[in-house]
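Chemist:
There are 2 protein chains.
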Amino acid sequence: MSSVHVELGERSYDVLVAANLIPNLGRHMAARMDARRAAIVTDENVGRLYLEPVRQALSDAEIDSVEIVVAPGEASKSFSTLERVVRELLAARLERSDIVIALGGGVVGDLAGFAAAITRRGMSLVQVATSLLAQVDSSVGGKTGINTPEGKNLVGAFFQPRLVLADTSTLDTLPPREFRAGYAEVAKYGLIDDADFFSWLEENRAAVFSGEDARGEAIRRSVAAKARVVATDEREAGTRALLNLGHTFGHALEAACNYDASRIIHGEGVAIGMAMAHRFSVHQGLCAPETAERVERHLAAAGLPTHMNSIPGRGFSTSELMDHIAQDKKVKAGRLTFILSRGIGEAFIAEDVAPHSVETFIAGELAAEPAPALQTGE
Amino acid sequence: MSSVHVELGERSYDVLVAANLIPNLGRHMAARMDARRAAIVTDENVGRLYLEPVRQALSDAEIDSVEIVVAPGEASKSFSTLERVVRELLAARLERSDIVIALGGGVVGDLAGFAAAITRRGMSLVQVATSLLAQVDSSVGGKTGINTPEGKNLVGAFFQPRLVLADTSTLDTLPPREFRAGYAEVAKYGLIDDADFFSWLEENRAAVFSGEDARGEAIRRSVAAKARVVATDEREAGTRALLNLGHTFGHALEAACNYDASRIIHGEGVAIGMAMAHRFSVHQGLCAPETAERVERHLAAAGLPTHMNSIPGRGFSTSELMDHIAQDKKVKAGRLTFILSRGIGEAFIAEDVAPHSVETFIAGELAAEPAPALQTGE
Ligand SMILES: NC(=O)c1ccc[n+]([C@@H]2O[C@H](COP(=O)([O-])OP(=O)(O)OC[C@H]3O[C@@H](n4cnc5c(N)ncnc54)[C@H](O)[C@@H]3O)[C@@H](O)[C@H]2O)c1
Ligand SMILES: NC(=O)c1ccc[n+]([C@@H]2O[C@H](COP(=O)([O-])OP(=O)(O)OC[C@H]3O[C@@H](n4cnc5c(N)ncnc54)[C@H](O)[C@@H]3O)[C@@H](O)[C@H]2O)c1
Ligand SMILES: [Zn+2]
Ligand SMILES: [Zn+2]
Chain A
52 MSSVHVELGE
62 RSYDVLVAAN
72 LIPNLGRHMA
82 ARMDARRAAI
92 VTDENVGRLY
102 LEPVRQALSD
112 AEIDSVEIVV
122 APGEASKSFS
132 TLERVVRELL
142 AARLERSDIV
152 IALGGGVVGD
162 LAGFAAAITR
172 RGMSLVQVAT
182 SLLAQVDSSV
192 GGKTGINTPE
202 GKNLVGAFFQ
212 PRLVLADTST
222 LDTLPPREFR
232 AGYAEVAKYG
242 LIDDADFFSW
252 LEENRAAVFS
262 GEDARGEAIR
272 RSVAAKARVV
282 ATDEREAGTR
292 ALLNLGHTFG
302 HALEAACNYD
312 ASRIIHGEGV
322 AIGMAMAHRF
332 SVHQGLCAPE
342 TAERVERHLA
352 AAGLPTHMNS
362 IPGRGFSTSE
372 LMDHIAQDKK
382 VKAGRLTFIL
392 SRGIGEAFIA
402 EDVAPHSVET
412 FIAGELAAEP
422 APALQTGE
Chain B
52 MSSVHVELGE
62 RSYDVLVAAN
72 LIPNLGRHMA
82 ARMDARRAAI
92 VTDENVGRLY
102 LEPVRQALSD
112 AEIDSVEIVV
122 APGEASKSFS
132 TLERVVRELL
142 AARLERSDIV
152 IALGGGVVGD
162 LAGFAAAITR
172 RGMSLVQVAT
182 SLLAQVDSSV
192 GGKTGINTPE
202 GKNLVGAFFQ
212 PRLVLADTST
222 LDTLPPREFR
232 AGYAEVAKYG
242 LIDDADFFSW
252 LEENRAAVFS
262 GEDARGEAIR
272 RSVAAKARVV
282 ATDEREAGTR
292 ALLNLGHTFG
302 HALEAACNYD
312 ASRIIHGEGV
322 AIGMAMAHRF
332 SVHQGLCAPE
342 TAERVERHLA
352 AAGLPTHMNS
362 IPGRGFSTSE
372 LMDHIAQDKK
382 VKAGRLTFIL
392 SRGIGEAFIA
402 EDVAPHSVET
412 FIAGELAAEP
422 APALQTGE
């Protein structure tokens, strides 16, 4: 079993990455915290597959548990579902020292993590990440939150878990489209600051997708990259913003699609967003066209979309996208902040991007040839 | 102008206590933070009186502002009002570096403070406390939150303000019943660990109520006491729990009255709760009966209730109160935690109170002579 340590002083914790971790969940918890009672928060899909083994693992370690099951999908990251989860935690009479276990992908992790942060002003949190995206990204680093009609992830808390489990065996049941989407965040770590890792992915993509050892290796390297960034900048005062590569465009597309999963899911938005960020960097004269093409080629080879035009339904307008971009978190005092790039592994924070240059760029992208509709089937 | 410093490392801040502070609000903010845009959150009562002067003070310092007005009363500390405030902050396009000003009593302070904590994962917060209770207690120390049907203040965040203003002139318009209720928290500081302050209050009560210099002095001493406790135990791992003197019983009574202000308001619950905590201490053989009588005498002289029986409508049952007590925050792993006392200024944390002794005590209190109905008029 491999373990990555997230160093945050008294808020430090371990991320365990390995196959078949869930049967030992209770023991891993008991070794690290005073664990007597827990609430397992999950969604219907993940619950059907993993609630029973998790319950069993807890009971093996003499931890009492209750379950809170929410509907799968981004729509559960809402005020109303948050209220329901919080009230169920209270109704179960869980106390401040008891544990919330977020069992699922990023949706469950963000929602249950936020509920743990605000219930009794902070319970203990354990993330059991079951999607590739959650294992390599959302379960690590303490960002939790929900969406509102004004935008994605605009409401939340920084709240670190006490332990994260990335049981790679759970990925065997993950729908292929979700695996591809999570892969976008894996590739992101290479694109930010690790050209070697990006090259390694170019060579090992097939093995990562077929679930061989390379899959675990890719997850470990991704977690280690995320842990490094979080340890230096827990609250995104600076470099942590690099993790938002592709996310400003991506979030705008998700919002423009009303978070409708039949059109786009988070990782697909990130894939298109990363490709756009590189093309925009070319457009700004910062980056060679070959770099942007290399990024597109790798994402496309992984079955990911790279253009807005490939989103089913299309029909975005520049002004609607600009509107969502302005509402995004990464706006500082009226100036647009983007993560741009000078090459593979050379992303940087550009804090004063002129809105009109973004507008021109988006208009150009929208005017381009319609691409074939994104394949959303499995 | 007098200023109390709350020492919390990089989260330190000042509490300014003086008459006529509001006209200089903008300047005090500008001296301490990058202040360009702010949202003023207030309730209808306070807004009618102070929104215009606050707006003027901000515009004098060239700070743009928007307003968010909620209904007065405890019912606004709800998930639905929280959602409304958060969404109005987002709709106004306020950014993470912008400021939420909580203008009002403890209800507005707790609600707006929590909204500031979770909007964009934390904006800047300034508390402009206008009730006596808010000036001496709720605006200082960073506890923010809302209620749910499961109980009071069970959902929230620790979130420190950047600045607190206690403009004592605003107390001239505070309804007398609210002033009395806030006074319960003033007396609390004497009862916890400052017998001299309690004696001073016994002598100066009339001057405090008539708004002479003694009023400012009582507020300053209270804020200094709260600041000391918060600085040593920000997150209530230990001694900060002493501030809950009277609150376990008080919260149970508030909940049993459905937070109906025509029956009970927070400070009245605290007054009854503190009298009960002392009588319970006598019942447990910890404290002399004369001490409990002295506490009752002072609270009654201030026009505060000291028995459950004086709550209009009465009719509480032991089991319903025990139920609310078990749901209170101060329960640890099944044992009841109470703040008890050995004498004036000698409160302590009792962590293993047997539920049945509380039950016997409450049953005894309920069986006592009915007291005259509480005077809730002004
Ligand atoms: N907090 C952060 O730092 C952070 C970072 C990145 C993304 N996110 C958030 O994460 C969310 C996306 O996460 P996601 O992609 O995991 O989505 P998700 O949680 O919706 O999971 C995707 C789908 O896969 C199913 N699923 C998950 N694990 C499974 C398994 N092992 N077997 C079968 N089905 C499984 C889920 O039920 C769901 O239908 C977004 O809301 C995004 O904003 C947060
Ligand atoms: N966060 C904490 O540490 C903490 C501590 C103690 C109490 N509290 C909370 O504080 C709340 C009670 O606060 P409160 O007693 O200030 O109640 P409140 O905010 O409801 O104010 C009481 C009433 O007085 C009005 N008012 C306030 N200032 C006024 C003024 N200057 N002139 C005229 N009217 C004015 C309000 O509109 C309201 O009707 C409770 O919810 C309690 O849980 C929090
Ligand atoms: Zn992401
Ligand atoms: Zn109080």
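Going line by line, the protein sequences match chains A and B.
To convert, count from 1 in the first sequence and add 51; that's the working numbering.
To convert, count from 1 in the second sequence and add 51; that's the working numbering.
Think of the CB as a built atom: it goes at the ideal place given N, C-alpha and C, for glycine as much as any other residue.
Hey, is G207(A)'s beta-carbon within less than 7 angstroms of any beta-carbon in chain E?
Modeler: Considering every chain present, this structure includes no chain E. Its protein chains are A and B.
Chemist: Using 7 angstroms as the threshold, is the C-beta distance between S220(A) and N96(A) below it?
Modeler: Numbered from its first residue, the first sequence carries residue 220(A) at position 169. Numbered from its first residue, the first sequence carries residue 96(A) at position 45. It is not a contact, given that the beta carbons lie outside the stated cut-off.
Chemist: For the beta strand (DSSP E) holding R18(A), just list the boundary residues, first then last.
Modeler: What the structure shows of chain A is the stretch from 52 to 429, and residue 18(A) is not part of that stretch, so it cannot be assessed.
Chemist: So the candidates are I270(A), G207(A), Q186(A) and L59(A); which of them puts its Cα closest to the Cα of E134(B)?
Modeler: As a first step, residue 134(B) is located in the second sequence; it is residue number 83 there, counting from the start. The shortest C-alpha separation from E134(B) is found at G207(A).
Chemist: CA-CA distance, E492(B) and N198(A)?
Modeler: The question about residue 492(B) has no answer, for chain B in this structure spans 52 to 429.
Chemist: Cβ closer than 9 angstroms: which chain A residues qualify as neighbours of G196(B)?
Modeler: Counting from 1 along the second sequence, the entry for residue 196(B) is found at position 145. Under the 9 angstroms cutoff, chain A gives I169 and R172.
Chemist: Just to check my reading of the structure: L304(B) and I390(B) have Cβ atoms closer than 8 angstroms, yes? What is that Cβ distance to the nearest angstrom?
Modeler: Within the second sequence, the letter at position 253 stands for residue 304(B). Within the second sequence, the letter at position 339 stands for residue 390(B). About 16 angstroms separates the two Cβ atoms, so there is no contact after all.
Chemist: Answer yes or no: do L140(B) and E285(B) have a C-beta to C-beta separation smaller than 7 angstroms?
Modeler: Looking up residue 140(B) in the second sequence gives position 89. Looking up residue 285(B) in the second sequence gives position 234. Contact: no.
Chemist: List, in chain order, every chain A residue whose beta-carbon is nearer than 9 angstroms to that of T199(B).
Modeler: For this step, residue 199(B) is matched to residue 148 along the second sequence. Near T199(B) (Cβ distances below 9 angstroms), the residues of chain A are E134, V137, R138 and L141.
Chemist: Using a Cβ-Cβ cutoff of less than 8 angstroms, which residues in the same chain neighbour E85(B) once the five nearest sequence positions on both sides are dropped?
Modeler: Taking the first residue of the second sequence as 1, we reach residue 85(B) at position 34. The identity of residue 85(B) in the sequence shown is Asp, whereas the question assumes Glu. The residues are S148.
Chemist: Go ahead and label M359(B) buried or exposed: buried means 16 or more other beta carbons lie within 10 angstroms of its beta carbon, across all protein chains shown.
Modeler: Taking the second sequence and counting its residues from 1, the one referred to as residue 359(B) is at position 308. Buried.
Chemist: Tell me where the beta strand (DSSP E) around V117(A) begins and ends.
Modeler: Numbered from its first residue, the first sequence carries residue 117(A) at position 66. Looking at the DSSP string, the run of the beta strand (DSSP E) that includes V117(A) is D115 to V121.
Chemist: Please state if the CB of I152(B) and the CB of V177(B) are separated by a distance shorter than 7 angstroms.
Modeler: Here residue 177(B) corresponds to residue number 126 of the second sequence, with the count starting at 1. Here residue 152(B) corresponds to residue number 101 of the second sequence, with the count starting at 1. Contact: yes.
Chemist: Who are the Cβ neighbours of K128(B) in its own chain at under 7 angstroms, not counting the five residues just before and after it?
Modeler: For the purposes of this step, residue 128(B) is taken as residue 77 along the second sequence, with counting starting at 1. So the qualifying residues of the chain are V158, D161, L162, I197 and N198.
Chemist: Compile a chain-ordered list of the residues in the region 111 to 132 of chain A whose CB is closer than 7 angstroms to at least one CB of chain B.
Modeler: Residues passing the 7 angstroms Cβ filter: F130.
Chemist: Considering only the beta carbon of each residue, do A232(B) and I316(B) sit closer than 7 angstroms?
Modeler: Counting from one through the second sequence, the residue named residue 232(B) turns up at place 181. Counting from one through the second sequence, the residue named residue 316(B) turns up at place 265. Yes, the pair counts as a contact, with Cβ atoms nearer than the cut-off.
Chemist: Please list, in chain order, all residues of the same chain as G192(A) whose beta carbon is under 7 angstroms from its beta carbon, the five residues on each side excluded.
Modeler: As a first step, residue 192(A) is located in the first sequence; it is residue number 141 there, counting from the start. Result list for G192(A): K277 and V281, in chain order.
Chemist: Which of the three DSSP states, helix, strand or coil, is assigned to A142(A)?
Modeler: If you number the first sequence from 1, residue 142(A) lands on position 91. The answer is helix: DSSP assigns A142(A) an H, G or I state.
Chemist: Residues bridged to S392(B) by DSSP?
Modeler: Working through the second sequence from its first residue, we reach residue 392(B) at position 341. Note: S392(B) sits in a beta bridge opposite A398(B).
Chemist: Near G428(A), what residues of its chain come up, given a Cβ to Cβ distance below 7 angstroms and the 5 sequence neighbours on each side ignored?
Modeler: As a first step, residue 428(A) is located in the first sequence; it is residue number 377 there, counting from the start. With a pLDDT of only 49 at G428(A), under 50, the local geometry of the prediction cannot be trusted, and no value is derived from it.
Chemist: Comparing the CB of A185(A) with every heavy atom of ligand 1, is any distance shorter than 6 angstroms?
Modeler: Numbered from its first residue, the first sequence carries residue 185(A) at position 134. Indeed, a heavy atom of ligand 1 lies less than 6 angstroms from the Cβ.
Chemist: Quick check on V68(A): does DSSP put it in helix, strand or coil?
Modeler: The count along the first sequence starts at 1 and reaches residue 68(A) at position 17. Strand at V68(A).
Chemist: With 16 other CB atoms within 10 Å as the buried threshold, where does H56(B) fall?
Modeler: In the second sequence, residue 56(B) corresponds to position 5, counting from 1. H56(B) is exposed by the Cβ-count criterion.
Chemist: Check whether the Cβ of V105(A) lies closer than 6 angstroms to any heavy atom of ligand 1, and answer yes or no.
Modeler: As a working note, residue 105(A) is residue 54 in the first sequence. Flag unset: Cβ of V105(A) not near ligand 1.
Chemist: For a minimum of 3 consecutive residues, which ranges assigned as the beta strand (DSSP E) are wholly contained in the region 208 to 275 of chain A?
Modeler: Complete beta strand (DSSP E) runs here, min 3: 214 to 218.
Chemist: Enumerate in chain order the residues of its own chain whose CB-to-CB distance from R393(B) is below 6 angstroms, with the five nearest sequence positions on each side excluded.
Modeler: Position 342 of the second sequence holds residue 393(B). Excluding sequence neighbours, R393(B) sits near L337 and C338.
Chemist: Any heavy atom of ligand 2 within a distance shorter than 6 angstroms of the CB on T221(B)?
Modeler: Here residue 221(B) is taken as the residue at index 170 of the second sequence, counted from 1. True, at least one ligand heavy atom lies under 6 angstroms from that Cβ.
Chemist: Measuring from each Cβ to the nearest heavy atom of ligand 4, keep the ones under 6 angstroms and list them in chain order.
Modeler: Working through the chain, the matches are D188(B), E236(B), H298(B), H317(B) and V321(B).
Chemist: Whose CA, out of G396(B), A168(B), I119(B) and G164(B), lies closest to the CA of A142(B)?
Modeler: The residue you call residue 142(B) lines up with position 91 of the second sequence. Looking at the Cα atoms, I119(B) is the closest of the given residues.
Chemist: Is it right to say H349(B) is buried, meaning 16 or more other beta carbons lie within 10 angstroms of its own, or is it exposed?
Modeler: Position 298 of the second sequence holds residue 349(B). Buried, by the Cβ-count rule.
Chemist: Excluding sequence positions up to five away, which residues of its chain have a Cβ less than 8 angstroms from the Cβ of C308(A)?
Modeler: For the purposes of this step, residue 308(A) is identified with residue 257 of the first sequence, where counting begins at 1. Cβ neighbours of C308(A) beyond the five flanking positions: R314, I315, I362 and G364.
Chemist: Looking at C-alpha atoms only, which residue of E229(A), T170(A), T224(A) and T411(A) is the closest neighbour of H334(A)?
Modeler: On the first sequence, residue 334(A) is found 283 positions in, with the first residue counted as 1. Among E229(A), T170(A), T224(A) and T411(A), the Cα nearest to that of H334(A) is on T411(A).
Chemist: From the DSSP output, in three-state form, read off H358(A) for me.
Modeler: Start at 1 with the first residue of the first sequence, and residue 358(A) comes out as number 307. H358(A) falls in the coil class under three-state DSSP.
Chemist: Please state the DSSP three-state secondary structure of D188(B).
Modeler: Residue numbering aside, residue 188(B) sits at position 137 when the second sequence is read from its first letter. In this structure, D188(B) counts as helix in the three-state DSSP scheme.
Chemist: Closer than 8 angstroms by beta-carbon distance: list the chain A residues that pair up with Q378(B), in chain order.
Modeler: Start at 1 with the first residue of the second sequence, and residue 378(B) comes out as number 327. Those are L141 and R144, listed as they occur along chain A.
Chemist: Using the Cα positions of R256(A) and A180(A), report the straight-line distance between them to the nearest angstrom.
Modeler: Your numbering for residue 256(A) matches position 205 in the first sequence. Your numbering for residue 180(A) matches position 129 in the first sequence. Roughly 21 angstroms between the two C-alpha positions.
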